[in-house]
Amino acid sequence: MPLILLPPFGGDKRGGMCYTPDMILLTFLKGVRPMSPPISAMISHLVQLVEDKTTGPVACCWCNNRNHFIKHGTYQRYAFTTDELVRIQRYLCKNGQCNRTFSILPHPFLRITRFSLCMFEKLLELLKQELRIAEIARCYDLCWQTIARAIATGKDIFSWLRQEARTDPVWAPKPCLHPHLYWSDFIRVFAAKFYPKRYGKTAPTE
Ligand SMILES: [Zn+2]
Numbered sequence: 099m100p101l102i103l104l105p106p107f108g109g110d111k112r113g114g115m116c117y118t119p120d121m122i123l124l125t126f127l128k129g130v131r132p133m134s135p136p137i138s139a140m141i142s143h144l145v146q147l148v149e150d151k152t153t154g155p156v157a158c159c160w161c162n163n164r165n166h167f168i169k170h171g172t173y174q175r176y177a178f179t180t181d182e183l184v185r186i187q188r189y190l191c192k193n194g195q196c197n198r199t200f201s202i203l204p205h206p207f208l209r210i211t212r213f214s215l216c217m218f219e220k221l222l223e224l225l226k227q228e229l230r231i232a233e234i235a236r237c238y239d240l241c242w243q244t245i246a247r248a249i250a251t252g253k254d255i256f257s258w259l260r261q262e263a264r265t266d267p268v269w270a271p272k273p274c275l276h277p278h279l280y281w282s283d284f285i286r287v288f289a290a291k292f293y294p295k296r297y298g299k300t301a302p303t304e
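Numbering (the working numbering), first residue to last: 99 to 304.
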């Protein structure tokens, strides 16, 4: 297991690179630079959080019915930007008016995007520290285009979160701090806000 040092003990002040001898050897053998260890550590931690399977209360994401549903198989999705697959529970809404399938994503998965809130946050932090997109892409071991898209999405998400935090009452204060209370509701509103064609009220059955 390679030694991973997080800033301020490891990496440079930009949250950048810190290589152990194992990693340097691996880099030499593969001919590529590895993912930045602080980013890699963050993603490993996120994968562990997913294994806790913390969600908010189960509710149909189309009609908000919280009482009549049955388990309805599973599907797999990638654990963030890794190749690992995680099984997600599907449900069938038994509200006669609805009868659609839905899934409940465990914290900290978001709909559609493979980034989590803190992955977006770190991305914007690196940008603020004036790293170029190509440098950030190397930190995440992703391509330039993916990072450029994620930066645009991250800016939209955080501007929306700041706006929501000014509402009274705040509808989901810090969903990551209390995922067992808020995560499912947060995901539902997040999906309707950012992917309205697919998750808005008039979206077709998934
Ligand atoms: Zn329903």
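By construction, the Cβ of each residue, glycine as well, lies at the ideal position given by its N, Cα and C atoms.
Checklist entry - Buried or exposed: where does Pro155 fall if 16 or more other Cβ atoms within 10 Å of its Cβ makes it buried? => result The residue is exposed, with fewer than 16 neighbouring Cβ atoms inside 10 Å.
Next on the checklist: Within 10 Å of its beta-carbon, does Trp269 have 16 or more other beta-carbons around it, so buried, or fewer, so exposed?
Outcome noted: exposed
Checklist entry - Below 8 Å between beta carbons: does that hold for Ser214 and Pro206? => result yes
Next on the checklist: DSSP three-state label for Phe213, please.
Outcome noted: Of the three classes helix, strand and coil, the one that applies to Phe213 here is coil, per DSSP.
Item to check | Residues near ligand 1, criterion Cβ-heavy atom distance below 5 Å | outcome: Ordered along the chain, the selected set is Cys158, Trp160, Cys161, Asn163, Cys191, Asn193 and Cys196.
Checklist entry - Along the chain, which unbroken stretches of the beta strand (DSSP E) at least 3 residues long are found entirely within the stretch 118-188? => result Here the runs fully enclosed are 167-176.
Next on the checklist: At the 8 Å Cβ level, is Arg164 part of the contact set with chain C, yes or no?
Outcome noted: Although the question refers to chain C, the structure presented lacks it and comprises just one protein chain.
Next on the checklist: Among the candidates Cys158, His166 and Gly194, whose CA atom is the shortest distance from the CA of Phe200?
Outcome noted: Sorting Cys158, His166 and Gly194 by C-alpha distance to the C-alpha of Phe200 places Cys158 at the top.
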